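A quick write-up on the structure given underneath.
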Amino acid sequence: MTPPGRLSLRLALLVGALGALLALALGAMAHWNLGRELEARERENLQLKLEQIRHSLEDDLDLRSDPAVQAHALQDQLVAHSGLHLSILDSRSGQPLMSFGDQAAASVAANRALLARLQADARQPVFQSWSTGNDQRLLSIGASMRMKNGTPVQVLLSSERNADERLLDGFLRATLLALPFLLPLIALAAWWVVRAGLEPLNRFRRVAAQVSPQDLSYRIPEQNLPRELDSLARSFNHMLGRLEDGVRQLSQFSDDLAHELRAPICNLLVRNQVLLSQHRDGAAYREALESNAEELERLSRIVTDMLFLVQVDNPAIQAQFGCVALHEQAAKVIDLYEMVAEDKGVELRLSGNGFAHGDNLMIQRAISNLVSNAVRHTPQGGRIDVRIGERAGHTEVRVSNDGPGIPPEYLPHLFERFYRRAGRQTGAQAGTGLGLAIVQSIMAYHGGRAEAESVPQQKTHLRLLFPSTGAA
Numbered sequence: 006m007t008p009p010g011r012l013s014l015r016l017a018l019l020v021g022a023l024g025a026l027l028a029l030a031l032g033a034m035a036h037w038n039l040g041r042e043l044e045a046r047e048r049e050n051l052q053l054k055l056e057q058i059r060h061s062l063e064d065d066l067d068l069r070s071d072p073a074v075q076a077h078a079l080q081d082q083l084v085a086h087s088g089l090h091l092s093i094l095d096s097r098s099g100q101p102l103m104s105f106g107d108q109a110a111a112s113v114a115a116n117r118a119l120l121a122r123l124q125a126d127a128r129q130p131v132f133q134s135w136s137t138g139n140d141q142r143l144l145s146i147g148a149s150m151r152m153k154n155g156t157p158v159q160v161l162l163s164s165e166r167n168a169d170e171r172l173l174d175g176f177l178r179a180t181l182l183a184l185p186f187l188l189p190l191i192a193l194a195a196w197w198v199v200r201a202g203l204e205p206l207n208r209f210r211r212v213a214a215q216v217s218p219q220d221l222s223y224r225i226p227e228q229n230l231p232r233e234l235d236s237l238a239r240s241f242n243h244m245l246g247r248l249e250d251g252v253r254q255l256s257q258f259s260d261d262l263a264h265e266l267r268a269p270i271c272n273l274l275v276r277n278q279v280l281l282s283q284h285r286d287g288a289a290y291r292e293a294l295e296s297n298a299e300e301l302e303r304l305s306r307i308v309t310d311m312l313f314l315v316q317v318d319n320p321a322i323q324a325q326f327g328c329v330a331l332h333e334q335a336a337k338v339i340d341l342y343e344m345v346a347e348d349k350g351v352e353l354r355l356s357g358n359g360f361a362h363g364d365n366l367m368i369q370r371a372i373s374n375l376v377s378n379a380v381r382h383t384p385q386g387g388r389i390d391v392r393i394g395e396r397a398g399h400t401e402v403r404v405s406n407d408g409p410g411i412p413p414e415y416l417p418h419l420f421e422r423f424y425r426r427a428g429r430q431t432g433a434q435a436g437t438g439l440g441l442a443i444v445q446s447i448m449a450y451h452g453g454r455a456e457a458e459s460v461p462q463q464k465t466h467l468r469l470l471f472p473s474t475g476a477a
């Protein structure tokens, strides 16, 4: 398979070849049209001259009068036009009555078919092109007329086409001589046009050469782009934007993950080093192992949540979508956390009904994460309300809890991965910082969104907004 080569060169050669073919076609058409125009002009001149001869024969001349006078009168009709040959024949016998020009006799011999047509139909003049033995081209016109005395005659008038042939030959030679100079000019113009037309693609090349994993901020300038490339540039820039966001999120996520894993691993390492630095009794070893188990439990939760996030964020995931009864899923979650809430002296309430189109397990996981978060942060004697209903074209699951609330500056970051406010719980009882991020990913997967609202020292509301299904 041959390599494709340069696009600009291939396009220039193609446009140049098409231009050359077009130039040849125009030259051939011009040559053909010039020949037609010259012949049309010659026919018109012959018809005018024939009408003059008709006027002389029908009004002035009588072939039975003095032949010298007659010949002089007809000769005067031919003086203004060189290369004319005239023959006048008797219509009944076909014998020549008078001839002018050295090709008159040859004209009669070459145009017997034309004269026969005049015998059959004498109403219209008849044209015929012919050539002599030495390739001299002539155009003849024949017509039937009547003399002044009523004698029927046939008039055959022939004109030499040598001048026209020379003009056509000269035009053809000039065209052929110009082609060697014209074709390179066409090729050069085609190359320049193609290069100018492909210049916007250099913007793509320059941006592609600058983009790297370390810097994805470059964009293709969209100003003054051809319409055909405008949408491509926008799509390319959007792709770079998505890649930049993805790389930034991945980098941030890697940093956060390393930070989150480093703390429990360092705790385990330091605790074990201290434990092994000297001999201790069984109670000390037991206490250290229990502490290690707590840290390992936290590591396990982080890994489990990470795997779930990867599964939700994977566009190829094949979830089992269907009509989900939100009240039923929320009731299962309430049953799961009811004993934990009772131990903390927290009241759990569920009200409302609604449906969403999605995956049962994922939606249950999202509600569970919100309720778990609310139970963890609701003070003793507080209340958690889970309410399901319709809101502004969405099906809403709202989890509200009493407590100190969330400061406004923290709300925009609440659903970010590994985000935990300063001063919150640490150790085994602390969350992984992924619970609400998982909720946001689940909602994005279902075409919805998660929102947070908080009034300090009063209520905190976390909402799941699903696209409305219209089911009752």
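Every position in the sequence shown, counted from 1, becomes a number in this note's numbering once 5 is added. Beta carbons: idealized from backbone N, C-alpha and C, even for Gly. Owing to the predicted nature of the structure, the values given are computational and were not obtained by experimental measurement.
| Asked | Found |
| --- | --- |
| Unbroken stretches of the beta strand (DSSP E), 3 residues or longer, contained in the stretch 80 to 167 | 89 to 95, 101 to 105, 131 to 136, 142 to 151 and 157 to 165 |
| Exposed unless 16 or more other CB atoms sit within 10 angstroms - verdict on His284 | exposed |
| Neighbour-count burial assignment, Thr465, 16 or more Cβ in a 10 Å radius | buried |
| C-beta contact flag for Gln159 and Ile58 at 9 Å | no |
| Own chain, CB closer than 6 Å to Ala379, minus 5 neighbours either side, in chain order | Ile389, Val404 and Asn406 |
| Length of the line joining the Cα atoms of Leu467 and Thr383 | 13 Å |
| Same chain, Cβ closer than 8 Å to Ser136, five either side skipped, listed in chain order | Arg142 and Leu143 |
| Leu248 versus Asn365 - alpha carbon distance | 31 Å |
| Separation of Arg396 from Leu331, as counted between CA atoms | 15 Å |
| C-beta atoms of Ala289 and Cys328 nearer than 9 Å | no |
| N- and C-terminal bounds of the beta strand (DSSP E) containing Glu395 | Arg388 to Arg396 |
| Contacting residues, own chain, Cβ-Cβ under 8 Å from Lys349 (five flanking each side not counted) | Val380, Thr383 and Gln385 |
| Simplified DSSP assignment, three categories, for Phe471 | strand |
| Residue interval of the beta strand (DSSP E) (run including His284) | First-last for His284: undefined, no H or E at that position. |
| Cutoff 7 Å; reference Ala195; Cβ partners in own chain excluding five residues on either side | Ala17, Val20, Gly21 and Gly24 |
| Residue from Gln445, Glu302 and Ala168 with nearest C-alpha to Ala457 | Gln445 |
| Per DSSP, the bridge partner or partners of Ala457 | Leu467 |
| Nonlocal neighbours in the same chain, by C-beta distance under 8 Å from Leu120, ignoring five residues either side | Leu94, Gly99, Val113, Gly147, Gln159 and Leu161 |
| Beta carbon of Ser13 nearer than 9 Å to that of Leu203 | yes |
| Beta bridge counterpart(s) of Cys328 as assigned by DSSP | His362 |
| Backbone CA spacing between Arg48 and Leu182 [nearest angstrom] | 31 Å |
| Anticipated Cβ contact below 8 Å, Leu187 with Pro130, distance rounded | Not really, about 42 Å apart at Cβ, beyond 8 Å. |
| Residue interval of the beta strand (DSSP E) (run including His399) | His399 to Asp407 |
| For Leu221, three-class secondary structure by DSSP | coil |
| Given His399 as reference, the closest of Gln369, Phe420 and His451 once Cα atoms are compared | His451 |
| Limits of the alpha helix (DSSP H) - the one that Glu421 falls within | Run containing Glu421: none; DSSP gives neither H nor E here. |
| Beta-carbon spacing of Gly387, Val338 below 9 Å | no |
| Contacts around Tyr223, its chain only, beta-carbon distance under 8 Å, and the 5 residues preceding and following it disregarded | Val212, Gln215, Val216 and Leu245 |
| Range of the contiguous alpha helix (DSSP H) that encloses Leu355 | Run containing Leu355: none in the alpha helix (DSSP H); it sits in the beta strand (DSSP E), Glu352 to Gly357. |
| 7 Å CB neighbourhood of Arg454 in its chain, flanking five on each side removed | Met448 and Leu470 |
| Segments of 3+ residues assigned as beta strand (DSSP E) that fall wholly inside the stretch 241 to 319 | none |
| Simplified DSSP assignment, three categories, for Gln410 | First, the amino acid is wrong: residue 410 is Gly here, not Gln. Correct three-state label for Gly410: coil. |
| Best match in Ala109, Leu439 and Met152 for proximity to Thr309 [C-alpha to C-alpha] | Leu439 |
| Exposure label - Met6; buried when at least 16 CB within 10 Å | With a pLDDT of 39 at Met6, under the threshold of 50, the modelled position of this residue cannot be trusted, and the question is left open. |
| Buried/exposed call for Asp169, threshold 16 Cβ in 10 Å | buried |
| Three-state secondary structure assigned by DSSP to Glu227 | coil |
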